[in-house]
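S.K.:
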Amino acid sequence: MPLPTQQNVLYLLSNGGPLAVRKANVPSPGPDDILLKVEAAGLNPLDWKIQTEGLFTTEYPAVLGFDVAGVVETVGLNVNRLKAGDRVIVEGHFGYETRAFQQYVSTPADLVAKIPDTLSFDEAVTLPVSVTTAVAPLYNPNAASRSVHFTPPWEKGGLGKYAGKAAVVLGGTSAVGQAVIQFLNLSGFSPIIATASLRNTDFVKSFGATHVVDRSLPRATLIQTIKQLTEGPIELVYDAISVRETKELGYEIASPGGSLILVVPEHVDHYKMPSGKDVRIVEAMGMFIVPENMEFGAKFTVEFEKLLQDGVVKPGIPELLQGGLNAVQEGLDRIKANKVSGKKLVVHPQETL
Numbered sequence: 307m308p309l310p311t312q313q314n315v316l317y318l319l320s321n322g323g324p325l326a327v328r329k330a331n332v333p334s335p336g337p338d339d340i341l342l343k344v345e346a347a348g349l350n351p352l353d354w355k356i357q358t359e360g361l362f363t364t365e366y367p368a369v370l371g372f373d374v375a376g377v378v379e380t381v382g383l384n385v386n387r388l389k390a391g392d393r394v395i396v397e398g399h400f401g402y403e404t405r406a407f408q409q410y411v412s413t414p415a416d417l418v419a420k421i422p423d424t425l426s427f428d429e430a431v432t433l434p435v436s437v438t439t440a441v442a443p444l445y446n447p448n449a450a451s452r453s454v455h456f457t458p459p460w461e462k463g464g465l466g467k468y469a470g471k472a473a474v475v476l477g478g479t480s481a482v483g484q485a486v487i488q489f490l491n492l493s494g495f496s497p498i499i500a501t502a503s504l505r506n507t508d509f510v511k512s513f514g515a516t517h518v519v520d521r522s523l524p525r526a527t528l529i530q531t532i533k534q535l536t537e538g539p540i541e542l543v544y545d546a547i548s549v550r551e552t553k554e555l556g557y558e559i560a561s562p563g564g565s566l567i568l569v570v571p572e573h574v575d576h577y578k579m580p581s582g583k584d585v586r587i588v589e590a591m592g593m594f595i596v597p598e599n600m601e602f603g604a605k606f607t608v609e610f611e612k613l614l615q616d617g618v619v620k621p622g623i624p625e626l627l628q629g630g631l632n633a634v635q636e637g638l639d640r641i642k643a644n645k646v647s648g649k650k651l652v653v654h655p656q657e658t659l
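All residue numbers for the sequence shown refer to my numbering, where the first residue is 307 and numbers rise by one.
1. Return the chain-ordered list of same chain residues with a C-beta closer than 6 Å to the C-beta of ASN644, the five sequence neighbours on each side being excluded.
2. Quick one: grab the DSSP three-state call for ASP639.
3. Name the DSSP beta bridge partners of HIS654, please?
4. Who are the near neighbours of GLN313 in its chain, counting only those whose CB is closer than 8 Å to its CB and skipping five residues on each side?
5. Which residues bound the beta strand (DSSP E) around GLN313?
6. Going by CA-CA distance only, name the one from VAL596, ILE559 and TRP460 that's closest to LEU614.
7. Please state whether the Cβ-Cβ distance between ILE340 and VAL418 is less than 8 Å.
8. Quick one: what's GLN408 bridged to in DSSP?
9. Between the alpha carbons of LEU490 and LEU309, how many angstroms are there, rounded?
10. Measure the CB-CB distance between VAL474 and ALA440 and report whether it falls below 8 Å.
11. Please state whether DSSP places ASN632 in a helix, a strand or coil.
12. Pull up the CB-CB distance for VAL377 and LYS389, whole angstroms please, since I reckon it's below 8 Å.
13. Take GLU554 and list the residues in its own chain whose beta-carbon comes closer than 8 Å to its own, dropping the five residues that flank it on each side.
14. Quick one: give me the first and last residue of the beta strand (DSSP E) that PRO624 is part of.
15. Out of ASP373, GLY563 and LEU528, point me to the one whose CA is closest to ASP428's CA.
16. If I measure Cβ to Cβ from SER447 and keep anything under 6 Å in the same chain, skipping five residues before and after, which residues do I get?
17. If you run the structure through DSSP and keep just helix, strand and coil, what is GLY603?
18. So, does the segment 494-501 touch the segment 516-527, judging by three or more C-beta pairs under 8 Å?
19. For THR457, list the residues DSSP reports as bridge partners.
20. Since GLU589 contacts PRO562 with CB under 8 Å, what's their CB separation in whole angstroms?
21. With DSSP as the reference, please indicate the residues paired to HIS517 in a beta bridge.
22. Give me the Cα-Cα distance between LEU535 and GLY466, rounded to the nearest whole angstrom.
23. How many whole angstroms separate the CB atoms of LEU627 and LEU651, which I take to be in contact at a CB cut-off of 8 Å?
24. Within 10 Å of its beta-carbon, does ASN386 have 16 or more other beta-carbons around it, so buried, or fewer, so exposed?
25. Report yes if the CB atom of LEU476 is closer than 8 Å to the CB atom of GLY592, and no otherwise.
26. Thinking just about the alpha-carbon of each residue, which of THR607, SER548, VAL344 and LEU492 is nearest to the one in GLY391?
Laid out in structure tokens, this is it:
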């Protein structure tokens with residue numbers, strides 16, 4: 307079937323405005339890029355925050371969506387690792403042509419990971435943003451990056467290196483939380499304590515958490531419970547939610563000399579973190595496209611393919627929304643209203659009418 311010249315794209319028409327499907331040209335990949343037919347697109351909290359608050363967005367109409375899964379259609383002249391027909395996933399970034407809520411995307415080939423046939427597109431699309439947001443602040447060795455610079459478990463000496471060191475993940479059922487738990491487990495951290503609704507205990511433990519603590523406990527009780535589960539200092543707290551309450555909780559839980567990773571930086575929610583305690587605060591920047599992450603991202607992408615092929619990293623649970631791109635607004639409204647737990651909302655752009 308010949309490649310179409312036009313596609314359906316879901317546009318955010320203005321800051322705080324509506325989403326609307328419009329026709330647009332199919333992008334042409336550059337020499338280092340691929341053109342990908344989007345089979346599944348994942349929804350994230352960042353999408354509704356961009357829509358309602360204009361985060362990181364100055365040009366409209368804008369395209370949202372950062373989790374992409376699909377099939378390679380064409381490759382640029384300099385691309386050798388990928389070929390037409392490959393099943394792949396990738397994270398959308400600053401360029402609208404890379405974003406998920408359209409039928410075709412053009413994106414740098416170095417950051418595109420092949421997926422095994424054992425993964426459906428809906429399962430695979432639960433991974434791009436959550437995994438990049440997990441690994442970049444944990445393992446990027448670049449001194450200029452926002453990272454705690456742990457030795458990656460896929461490198462020599464990294465697998466199980468941090469055995470016996472305690473870590474806490476706030477938001478264990480979130481997509482990012484699921485990914486963080488898996489990589490901390492590969493790194494050997496133990497105990498790995500996650501906060502979640504207790505009805506999700508088995509689900510969260512399936513990713514590698516050793517303990518699940520009821521997120522609804524009063525703050526003092528929650529802190530006491532977590533600290534009673536550790537025999538030594540808490541080396542790392544990863545706040546996969548990063549609202550004011552969890553940021554304060556994470557800061558209080560982290561031991562002096564430890565680290566606290568936040569997925570929402572201070573300038574976004576205008577909340578100033580406490581100070582006076584020897585805790586390293588890292589504001590995660592998961593996008594591999596930024597200069598300080600590019601080299602790490604390209605190397606990790608190759609290793610990530612191996613982890614997926616070997617079944618070492620597991621996907622989350624997708625929930626498919628019917629209606630193609632027209633279903634995105636409904637899904638974003640559900641995420642904003644905190645009516646999604648333990649699942650990734652997914653749409654099929656090719657089903658857009």
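C-beta atoms are modelled at their ideal positions from N, C-alpha and C, and glycine is treated no differently. On a predicted model such as this, the values are computed, not experimentally measured, just so you know.
M.R.: Let's see:
1. none
2. helix
3. Beta-bridge pairing links HIS654 to no other residue.
4. LYS329, ALA330, ASN331, VAL332, GLN408, GLN409 and TYR410
5. 312-318
6. Closest option to LEU614, Cα to Cα, is TRP460.
7. yes
8. VAL315
9. In a straight line, the C-alpha of LEU490 is about 42 Å away from that of LEU309.
10. Between VAL474 and ALA440, the C-beta spacing is not below 8 Å.
11. helix
12. In fact, because the Cβ distance is near 11 Å, the residues do not count as touching under 8 Å.
13. PRO580
14. 623-626
15. ASP373
16. What sits at residue 447 in the sequence shown is Pro, not Ser. Within the same chain, PRO447 has close Cβ partners HIS455.
17. Reduced to three states, the DSSP call for GLY603 is helix.
18. yes
19. BP columns for THR457 are empty, so no partner.
20. Between PRO562 and GLU589 the Cβ distance is about 20 Å, and since that is not below 8 Å, they are no contact.
21. For HIS517, which the question treats as bridged, DSSP gives the partners ILE499.
22. 20 Å
23. 6 Å
24. exposed
25. Contact: no.
26. VAL344
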